[in-house]
Each structure stands twice: as structure tokens, then as C-alpha cells.
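Protein chains in written order, with the working numbering: chain A, 46 to 374; chain B, 46 to 374.
C-beta: ideal position from N, C-alpha, C; glycine also.
2 protein chains.
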Amino acid sequence: MRIAVDAMGGDHAPAVPVQGAVEALDQLEGDFEIALVGDPDAIRRELHVHRYGSDRLEIVPAREVIAMDDPPAASVRRKPDSSIVRGVQLQESGEADAFISAGSTGAILAASIFVLGTLPGVSRPAIGALLPTAADHPTLMLDAGANVDCKPHRLVQFAHLGHIYVRVLEARESPCIGLLNIGSEREKGNELTLEAFRLLEETDLNFLGNVEGRDIITGKCDVIVCDGFTGNVVLKFYESVAGYMAQLISRNAAETGANIDLQSICRVLDYTEFGGAPLLGINGVTIICHGDTPPRAIRNAVRVALKSVESGMVNHLTRELSGLAQTGA
Amino acid sequence: MRIAVDAMGGDHAPAVPVQGAVEALDQLEGDFEIALVGDPDAIRRELHVHRYGSDRLEIVPAREVIAMDDPPAASVRRKPDSSIVRGVQLQESGEADAFISAGSTGAILAASIFVLGTLPGVSRPAIGALLPTAADHPTLMLDAGANVDCKPHRLVQFAHLGHIYVRVLEARESPCIGLLNIGSEREKGNELTLEAFRLLEETDLNFLGNVEGRDIITGKCDVIVCDGFTGNVVLKFYESVAGYMAQLISRNAAETGANIDLQSICRVLDYTEFGGAPLLGINGVTIICHGDTPPRAIRNAVRVALKSVESGMVNHLTRELSGLAQTGA
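So this is what it looks like as C-alpha cells:
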């Protein structure tokens, strides 16, 4: 197995992605290699810092970089030798089984759609965000930002994507699906969710019904579906609250001299634990990490990528989505 | 001044509203009276618990109760002798200057619109949620749930309502307004926010531009505008995360024996501090409290109501909104 990692993506590239890749090779079990995609000299300098030499690590040159504020679709066309485009292409050419990047979300999304294509019946993929919860498992919320204006049937598609992903990757037989809404009653909601509720009821998914903002943290659902606007706001808000709380507690602990186990608290709220957001609905494995992600999150993203490839996630998705497309569901 | 408090509203009525009213009379400064609206016998029993007798507290009988799951608009029509309808009517008849309830949000909203009417140019009021932030002031987010499907010009109206409310009540000269969105760049957003951005730029408000989910907690804005669907999800999510964090910290402190100042941490995240959500855009002062609100929040809602009445908030809103309606803004 071979995982491509964008060495040029993120606020602290190439240092962070390179270190994350090195940690993955060091710490993760499994028969896999890593391809670091980007400027060879810059990557080598970083590898030198880690005094790392391994026959399981290869550099794949890419001379261009798509910046965070470059227009996503246009820069994917204009920069064919960028680390994002090259990295995604490695899957198409069979040289890699997955791609991980902490670069521009829009560009990763555009490159994945252009190069790999979408799965049967999927017009546009969704970003799945794994949210830490009070339960012993995260909740997969999708869409977290790829589709800011959604029609009701898109939310049903998100539900199917989330269902298959969680069933295959987390080995939960019948993942329960919630529709993010402003009240638990079926008559609550906006135009989008009222109709999506009706459509979700008609599926054979394990549909729990409406869930509210307060149900996210409890881990009541395996999968929460929402439009990409709401999902993006919730995701960014969550991360900021978690970060702020950690700051607040540690400041307080320092002031009072309290010997509080900050780590155990913060771990619960730590998005880096889950390593990144899988892009669901494309014909391949792409995982999007935060721009300011630490090496740990890159390592964990490699773990998720390995699991996705080993479990044959894309085949599962393709087969089941084809079935749904044929029955018109 | 006379503040009407719905004695029958909320999960622990009449105990909590009655205690909150008693605390308000005890602890808040100012020349005001409270009218407790509801079942006189039940209210008297509660007052007896507090051994309270005051000539500043009166009981206004209302024999019906609108339950949390009653259909809001229909029950406002069907239950004219409910504590919510009677409480709102006290403003219309000049017997009270404000109304506070922890009952059904939908019913409070419907009764306020039917009985008091809306201000010039406002077709439907917005719920303003005061969110605790890392800064030394809360952020007013609106709409928090009254308008789940919004057209762009409604967001502009929310911005004006929020601007006037914060300027008058918090004495901030030129409150800065943010548009909740999925990115800070002007070309980011869904159909709603893209157009709302353009419209907000044309106003003479202190418009900061787009803000993201992560900007809520920082207190970067005095006012954040969004559709009522997104606002409701964010509000409920925020409250649940705050509650969960408090639980997590206190459990951890108990286990490790850490002497952490839980109170100071939780206060930062404590929505009860702000006493409730003002309903903005109606011709009166209505403040909506949480169903599971503690007495403290009712007391603080009385404080906010007093401030709203003293500052002539409704007159300010009426005058400025009339001006805007005339200039077609």
C-alpha cells in the first residue's frame, strides 16, 4: 500500500507534513509506504532534520504550490505540477492508494473531482468531519463545507455516504443517522430539512429523525447530515470552542496551582485524534487535514487512509451507490 | 416600572420563575414591580416557600398553560387565558412594560406578534441570543431561531436590529457587525450570504464582513447575523458544549483532587449570565428564557428587561427603523 502525503500543504509545510509522515512510518503498523509530494529539496532538508532514511519513503517531485487563497478550481487547472494535483494523480495512475493534504480544501476538492471523478449518482462529494463526542465514538458530520447550497435529495445522499463509511470503517452494523435541525419534532425545520426528513424516512437507513445542536456533543448519532453551510459553521465553531476551553482550563490550573489532568480533558475535544476529514463520494481516498494541523494529525490521517484502503471503502461505496442509483433511491 | 414574569413557563414552573422573581426584587436595584402571571394558587404556594410578602409583587391570574409541545400559533388563539397570552397583553394594556417567559418559544413569539405587533418594516421579529465570548462582552447573534428560511434583506434587517439593540443597551457607539459565513473572503458563501454581504456593504453600519464559526467565541463582533436555522443550531450546540465541558472538568477535578476554580471557568460559558434572549422587532419588550433555566437566569432577564425599558429601547428601534423604511434601506 502506498499513501501520498502533500508535503507542501498547510500553514507549516513542509515541516509538519514531513514530520507527520515520518511519525506514521515509525509508529503505525502495516505494510505501507509513503510518497511525499512536493519540492524535493525542501522535503530533503526536512527529512535531514529528522535524520531519516527509509526505503519505505519516497519523494515525488511537484514544482508548484497552490496557496490557501488561490482560487481553487482555477489554480488546479493552472498549476498541473502542484503538489495537490500531482498527489491526487498518483491514485489515478495507480502509484498511490490514497492522498492526504493539509492544503487548500477547495483545491483538494476540485482536484479530486477533476482527476478521480465521483462515484455513481454522486454529483459532488461531501466533506465528512469526525467530531469528538461525550460517547466512546466520534460522530461523522457531513457535509462540512463542500456543498453550501443543498437540495433535499443531497442530504439523503450524504446519509448513504455516511452510513457506508461508518459501517465499513468503524464496523458498526447499522449506523444511526440524524438530520441536523432546529427541533426534534418532524414538523420542525426549514424548507430543506422538512423535505429531507420525508425523503430519509423512505430509505431503509437507520434514520433516528431530527437532532438538534445539543445532540452533537452527546454522540447520540453515528452520522449527522446537514447542508455544507451549517456543517462548516458548526465544525469551525466546535474546534474554536475546544481550543478556547483548553486555554481557559490550563490558565486557570496555572493560576490556582491545580494539578488538573488537562490532557485527558483536551483529548476528548481533540480533532487531531481523527486525523482529518475524508472526502466522501469521489472515486478514491482523499483526506483533508486542517491548515494548522500538527504532525500527529497527519500521522492519524495516514492511519485513517490505511484503514480506508484495507477495508475496500471505495469498492463498498461504488457497489452500494450503484445499487441505489439503479433502484432510484 | 412593572415587569411581567410568566410563572407557568419552563420545565420547573412555577418554582423557578417565582424564585427568580423574588430574587430579582431582593437583589436588583431600581424602582420596579413584578407581576407574576399564572395560576394564583400555585404561585402563592411557591411564594409561601420563600416566605415572601412584598407590595412590589402582584399576581395576575391566568388559568391556562401553553405546553412546550402545543402547536404555537394555534394554542395562542385557543388559550386566551394562558400565562403567555395574558403576560404579553399586560404590555398592550399598559399594565406592564416588559414580559419574561421560559415557556414555549414558538408561543411567546406568536403571542408577541399577534398582540404587540411588529415595528416599522419588520415582517417578523428575530431572536437575539447573547453568547459568552473570550472577550469582555458577549456577542449578540441573531436570528437564533425565529426565521428558519431567510431572504438576504432579512439578514440586513437583523443587522439593523442588532446594531440598535447593542448601541442602546450596551452603550457601544458603533457596534461592529459580522455576517456568519464559511470563509472570510467576500466570494465565499451560499446564495443567501453572498447577496447579504453585498447588501450589508451598502448600509452605513459598521460592517466587518464575513466571520466564520471560529470567530464567534473570540468576541470579534458585537453582532453576528445569520439565518435562524444556523443560529439555532449554533446556540444549542454552544450551550451543550459549555455544559459538557463543565461536567468534564468537574469530574476530572474530583478524580485528581485538583482544586480548580470551576466557577470562574464555567462563568465564562454561562448563558444564564445574560438572562435570556430578547425578541427584537416587536413593539414591546419580550425576553425568552430557556425551558430549563435556573432562577438566576430569570433574575438576570428581569435586569435586562429593566435596562431595555429604561433605555427606551423600543422607541429607539421604532424611530430608527421608520427612518430606514422611509429611505428604503
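Same chain only: Cβ atoms within 7 Å of residue i, ignoring 5 sequence neighbours per side
i: R217 (chain B); result: V211 and D267
i: V354 (chain A); result: M46, D142, A143 and V330
i: L92 (chain A); result: V63
i: K352 (chain B); result: L214
i: A60 (chain B); result: E91
i: F159 (chain A); result: V121
i: L325 (chain B); result: P170, A171, G173, L187, L206 and Y210
Per-residue contacts from residue i into chain B (C-beta, under 7 Å)
i: L225 (chain A); result: V278
i: A179 (chain A); result: Y289
CB of residue i within 8 Å of CB of residue j, strictly
i: G273 (chain B); j: D188 (chain B); result: yes
i: P15 (chain A); j: L244 (chain A); result: Outside the displayed span of chain A (46 to 374) sits residue 15 (chain A), for which this structure offers no information.
i: G83 (chain A); j: M113 (chain A); result: no
i: I111 (chain A); j: A66 (chain A); result: no
i: T363 (chain A); j: P165 (chain A); result: yes
i: E109 (chain B); j: S138 (chain B); result: no
i: F203 (chain A); j: V278 (chain A); result: no
i: T317 (chain A); j: R348 (chain A); result: no
i: N255 (chain A); j: S229 (chain A); result: yes
i: I209 (chain A); j: H95 (chain A); result: no
i: Y283 (chain A); j: L176 (chain A); result: yes
i: I333 (chain A); j: A350 (chain A); result: no
i: A191 (chain B); j: G55 (chain B); result: no
i: H205 (chain A); j: L102 (chain A); result: no
i: T275 (chain A); j: L200 (chain A); result: no
i: D51 (chain A); j: I129 (chain A); result: yes
Proximity to residue i [Cα-Cα], best of the options
i: G234 (chain A); options: A:G276, A:A180 and A:E257; result: A:E257
i: L280 (chain B); options: A:V354, A:D260 and A:L214; result: A:D260
i: S383 (chain A); options: A:R90, A:N297 and A:L154; result: As shown, chain A starts at 46 and ends at 374. That puts residue 383 (chain A) outside it, with no answer to give.
i: A180 (chain B); options: B:V286, B:T263, B:L102 and B:S356; result: B:T263
i: R122 (chain A); options: A:A156, A:A147 and A:G148; result: A:A156
i: A107 (chain B); options: B:T372, B:P125 and B:T184; result: B:P125
i: G207 (chain B); options: B:V193, B:A174, B:H182 and B:R231; result: B:A174
i: F319 (chain B); options: B:M186, B:T163, B:L102 and B:E78; result: B:M186
i: K265 (chain B); options: B:E365, B:T184, B:P339 and B:D51; result: B:T184
i: H335 (chain A); options: A:T372, A:D100 and A:S285; result: A:S285
i: P116 (chain B); options: A:T238, A:D115 and A:R231; result: A:R231
i: T150 (chain A); options: B:I227, B:E300 and B:H57; result: B:I227
i: D376 (chain A); options: A:D100, A:T372 and A:F242; result: Limits of chain A in this structure are 46 at one end and 374 at the other, which puts residue 376 (chain A) out of reach.
i: A58 (chain A); options: A:P339, A:S356 and A:E78; result: A:P339
Cross-chain neighbours of residue i in chain B, by beta carbon under 8 Å
i: T275 (chain A); result: F274, T275 and V278
i: G190 (chain A); result: I227
i: I262 (chain A); result: F282, S285, V286 and Y289
Chain-ordered chain B contacts of residue i [CB-CB under 9 Å]
i: D194 (chain A); result: N235, E236 and L237
i: E284 (chain A); result: G258 and R259
Closer than 7 Å: residue i CB and nearest the ligand SAM heavy atom
i: V63 (chain B); result: Only the bare structure without any ligand can be found here, which leaves the ligand SAM out of the picture.
Element boundaries [beta strand (DSSP E), containing residue i]
i: T184 (chain B); result: T184 to L187
i: S146 (chain A); result: A143 to S146
i: A112 (chain A); result: Careful: A112 (chain A) lies outside any beta strand (DSSP E) and carries neither H nor E.
i: I129 (chain A); result: From DSSP, I129 (chain A) is part of no beta strand (DSSP E) but of the alpha helix (DSSP H) over S128 to E137.
i: V269 (chain B); result: A small correction: the amino acid at residue 269 (chain B) is Ile; Val does not occupy that position in the sequence shown. V268 to V270 is the span of the beta strand (DSSP E), which, as asked, contains I269 (chain B).
i: V105 (chain B); result: L102 to P106
i: S323 (chain B); result: Reading off the sequence, residue 323 (chain B) comes out as Pro, not Ser. Taken as a continuous stretch (DSSP letters only), the beta strand (DSSP E) holding P323 (chain B) covers A322 to L325.
i: I262 (chain A); result: That residue, I262 (chain A), is in no beta strand (DSSP E); it is neither H nor E in DSSP.
Residue i: contacting residues in chain A (beta-carbon distance under 7 Å)
i: M290 (chain B); result: M290
i: I333 (chain B); result: The contacting residues do not exist; I333 (chain B) stays about 14 Å from chain A at best.
Same chain, Cβ closer than 6 Å to residue i, neighbours up to 5 away in sequence not counted
i: A49 (chain B); result: A80, V82, G132, L135, A141 and F144
i: I104 (chain A); result: L81, P85 and I88
i: M358 (chain A); result: V213
i: A69 (chain B); result: R344 and V347
i: A118 (chain B); result: A155
i: L366 (chain A); result: L164, P165 and G166
Sequence-distant residues of the same chain with beta carbon closer than 8 Å to residue i, five excluded per side
i: E240 (chain A); result: P197
i: L73 (chain A); result: R344, V347, R348 and L351
i: L161 (chain B); result: V133, Q136, E137, I327, N328, G329 and T331
i: N9 (chain B); result: Outside the displayed range of chain B (46 to 374) lies residue 9 (chain B), so it cannot be described from this structure.
i: T248 (chain B); result: V201, A204, H205 and A374
i: L237 (chain A); result: C195, K196, P197, L200 and D272
Start and end residues, alpha helix (DSSP H) containing residue i
i: A150 (chain A); result: Correcting the residue identity first, residue 150 (chain A) is Thr in this sequence and not Ala. Note, T150 (chain A): alpha helix (DSSP H), T150 to A156.
i: L237 (chain B); result: E236 to E247
i: L214 (chain A); result: P197 to E215
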